[in-house]
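For the protein sequence lines, the chains are B and F, in the order given. So the first sequence is numbered by the numbering used here: it starts at 100 and just counts up by one. So the second sequence is numbered by the numbering used here: it starts at 77 and just counts up by one. Using N, Cα and C, we set each Cβ at its ideal position, and we do this for glycine too. The block underneath contains the structure these notes are about, expressed in structure tokens.
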Amino acid sequence: MKTLFVIVLGSLINLDNVSAFQFLISRPSFVATILGYIAGYPLEGFLIGLLLELVILDFSPIGGTTIPNGTAAAVVSVLLLGRINPYLCFIIGLFAGELYSYIEKYLRIFRNLFNRLVERQISSYDFNFGKLVILSMLCDFIVFAIYSYVVYFVFVSFSGFLNSNYLLNVSRVATLGILFVTLTSLYFKFKNQVRKNA
Amino acid sequence: MLELKDRLILFFKSFFLQSVFNYEKFQNIGLLFIISGFAKKIHPDREELKKFIERYNEIFNTQPYMAAFVIGNIIRMEYDKRNEKDIENIKQSLACAYASIGDRIFWSRLRVVVAQFTFIIFIILYFCCYNFGVAEITFVSVFVPTLFYAIYTLYIRYVGFLYGWNCGGEKNCGLDKFNWNRIIRMSSRAAFFLSVVMFLLVIFLYGFYYITSEKMIENLIYITIPFIGFFAQRYFRKDRKNIFYPVITVIVFSFVVCIFI
């Protein structure tokens with residue numbers, strides 16, 4: 100039941116990413132903290148979310164490009180907490196977020212169909228576009244929820260294998276390494292920007 | 077005139093500009109959703125309204141927070157019954173200009189600053205405020221920067237409609253109301269400063285927590301990790317590869333070295 104609630108809430112928050120508001124409540128640290136609290140892992144959720152956010156900050160959603168989805172990454176990571184070691188949850192979440200960016204791309208291509216619906220509406224003098232907005236957000240919600248559940252289900256099925264000591268060490272060392280990759284990336288990104296602006 | 081009620085409706089609807097984002101016409105349906113209500117007021121005739129809607133069912137793409145400047149401008153021009161070609165030209169040129177400014181300020185800089193503040197607030201609270209529980213600390217760390225960011229974006233969106241409406245028809249509408257270059261420069265400096273602070277804090281905490289193992293081999297691995305992360309990032313950034321390349325390199329490195337742990 101808790102899993103279902105986390106997925107539903109995560110899918111709702113994901114709408115903040117592109118579809119509505121953009122208040123940054125869909126950023127991984129925010130989502131992972133809230134969902135982590137619900138799942139019983141507030142600190143682990145927060146730390147994983149923050150790390151995911153640092154990696155994803157390397158991308159900017161400029162000009163309609165799709166970037167790794169931080170919300171998907173956070174939801175998957177939090178769902179796996181308690182079943183797999185937290186370091187591995189972070190790494191799986193990171194790649195789950197990256198994979199969702201491809202799904203997002205196809206969703207945007209799918210939404211081209213909405214243009215045909217708009218044309219049909221306009222020709223029949225129906226100018227209420229609110230229903231298209233709701234329909235589109237509903238599609239987003241459903242796709243995200245199914246995706247989160249499928250990824251969660253796949254990795255939980257293999258949790259026995261994933262809980263080995265060797266993988267715990269690997270994921271711990273990798274997580275620390277990724278932390279330094281992100282910090283280096285941020286440092287040089289802004290160093291160059293400051294130099295350009297000077 | 078743009079009454080308070082209209083303004084609030086436009087403001088609320090503008091949150092959904094990207095809800096039907098598609099690769100054919102980008103934010104066209106979101107834009108139609110925002111302006112259709114106001115269009116009904118200025119074009120009570122069905123045929124005229126249909127023509128109006130058809131004109132706006134074209135490519136539209138801008139930064140969602142800055143869209144208010146463009147939308148305020150175009151509804152004012154429509155209200156004043158300006159030439160259709162002029163409206164289209166101004167709409168497209170302003171959408172491009174504001175997209176560029178908005179992307180640089182919000183997506184490339186402020187979004188990063190929010191995450192950096194989250195990290196720094198957490199470190200301060202976690203190590204200095206012993207009375208707080210973990211849940212409270214994490215909640216404050218994520219809520220405070222997000223709240224400031226959300227309030228700032230709400231302000232920009234609301235003010236954008238006002239500026240857009242007041243200077244409707246001008247090609248540089250709103251572009252000169254804020255010193256955008258200064259905002260971009262300042263946010264770059266803030267992000268750089270916070271990056272340095274974060275780097276130093278992490279190095280200190282990392283050394284404190286991880287380089288304490290009594291096993292020589294583990295110590296050696298933990299000392300190597302920051303250098304591997306650093307050089308992997310620099311190597312792949314040279315070829316403009318995205319961050320997943322150094323990330324995968326680090327994971328492969330971990331698989332190899334952990335054989336010795």
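Three-way DSSP call (helix, strand, coil) for residue i in this model
i, result
"Ile183(B)", "strand"
"Asn98(F)", "strand"
"Phe213(B)", "helix"
"Phe136(F)", "strand"
"Thr164(B)", "coil"
"Ile106(B)", "helix"
"Val117(B)", "coil"
"Lys116(F)", "helix"
"Glu246(F)", "coil"
"Asn262(B)", "coil"
"Thr288(F)", "coil"
"Tyr199(B)", "helix"
"Asp179(F)", "helix"
"Met142(F)", "coil"
"Met100(B)", "coil"
"Ser247(B)", "helix"
"Leu270(F)", "helix"
"Gly139(B)", "coil"
"Met77(F)", "coil"
"Arg310(F)", "helix"
"Phe219(F)", "helix"
"Tyr234(F)", "helix"
"Asn104(F)", "helix"
"Leu156(B)", "coil"
Amino acids of chain F, ordered along the chain, whose beta-carbon sits closer than 8 Å to that of residue i
i, result
"Gly229(B)", "Phe109"
Interface residues of chain B facing residue i [CB-CB closer than 8 Å]
i, result
"Cys172(F)", "Those within 8 Å of Cys172(F) in chain B number zero; the least Cβ separation is about 10 Å."
"Lys101(F)", "Asn214"
"Glu130(F)", "Ile221"
"Asn137(F)", "Gly162, Gly163"
"Ile301(F)", "Val272, Leu275, Gly276, Phe279"
"Pro140(F)", "Gln121"
"Ala191(F)", "Arg126, Ser128, Leu149, Glu152, Leu153, Leu156"
Per-residue contacts from residue i into chain B (C-beta, under 7 Å)
i, result
"Asn133(F)", "Val217, Ile221"
"Tyr225(F)", "Leu123"
"Gln309(F)", "Val280, Thr283, Ser284"
Spatial distance of residue i from residue j (CA atoms)
i, j, result
"Ile279(F)", "Leu156(B)", "20 Å"
"Leu111(B)", "Asn133(F)", "28 Å"
"Ile301(F)", "Leu134(B)", "30 Å"
"Tyr201(B)", "Leu238(F)", "38 Å"
"Ser256(B)", "Leu198(B)", "19 Å"
"Gln103(F)", "Ser330(F)", "43 Å"
"Ser169(F)", "Lys247(F)", "8 Å"
"Ile197(F)", "Ile324(F)", "30 Å"
"Lys81(F)", "Glu123(F)", "26 Å"
"Tyr321(F)", "Val105(B)", "31 Å"
"Phe284(F)", "Lys290(B)", "27 Å"
"Ile297(F)", "Lys295(B)", "37 Å"
"Val326(F)", "Phe226(B)", "53 Å"
"Val275(F)", "Thr102(B)", "Per the sequence shown, the amino acid found at residue 275(F) is Phe instead of Val. Spanning the two alpha carbons is a distance of roughly 35 Å."
"Ala226(F)", "Gln94(F)", "17 Å"
"Leu201(F)", "Val210(F)", "9 Å"
"Glu130(F)", "Asn116(B)", "28 Å"
"Leu216(B)", "Leu86(F)", "23 Å"
"Ile181(F)", "Val146(F)", "17 Å"
"Arg158(F)", "Leu84(F)", "24 Å"
"Asn137(F)", "Gly163(B)", "8 Å"
"Pro167(B)", "Gly113(F)", "35 Å"
"Glu203(B)", "Glu294(F)", "41 Å"
Neighbouring residues, chain B, relative to residue i (Cβ below 9 Å)
i, result
"Lys410(F)", "Nothing about residue 410(F) can be reported from this structure: the residues present for chain F run from 77 to 337 only."
"Gly305(F)", "Leu275, Gly276, Ile277, Leu278, Phe279, Val280, Thr281, Leu282, Thr283"
"Thr288(F)", "Per Cβ cutoff of 9 Å: no residues; Thr288(F) is ~14 Å from chain B at best."
Chain F contact residues for residue i, given Cβ-Cβ distances below 7 Å
i, result
"Lys290(B)", "Phe268"
"Ala195(B)", "Residues of chain F passing the Cβ test: none, with the nearest at roughly 13 Å."
"Ser176(B)", "What Ser176(B) touches in chain F: nothing, since even the nearest Cβ is about 15 Å away."
"Leu142(B)", "Val210, Thr214"
"Thr132(B)", "Thr214, Phe215, Val218"
"Ala119(B)", "Phe91, Phe92, Ser95"
Inter-residue CB distance, residue i and residue j (contact presumed, cutoff 8 Å)
i, j, result
"Cys243(F)", "Gly250(F)", "7 Å"
"Phe260(B)", "Phe109(F)", "Actually they do not touch by this definition, with Cβ atoms about 48 Å apart."
"Arg152(F)", "Trp241(F)", "5 Å"
"Leu153(B)", "Ala191(F)", "7 Å"
"Ala131(B)", "Ser176(B)", "6 Å"
"Asn268(B)", "Cys334(F)", "4 Å"
"Phe92(F)", "Gly106(F)", "6 Å"
"Phe254(B)", "Ile208(B)", "In fact, because the Cβ distance is near 28 Å, the residues do not count as touching under 8 Å."
"Leu180(B)", "Tyr140(B)", "5 Å"
Contact list for residue i against chain F, beta-carbon separation under 9 Å
i, result
"Ser110(B)", "Near Ser110(B) there are no residues of chain F at all, since even the closest Cβ is about 15 Å away, more than 9 Å."
"Asn296(B)", "Asn257, Ile260, Arg261, Ser264, Arg265"
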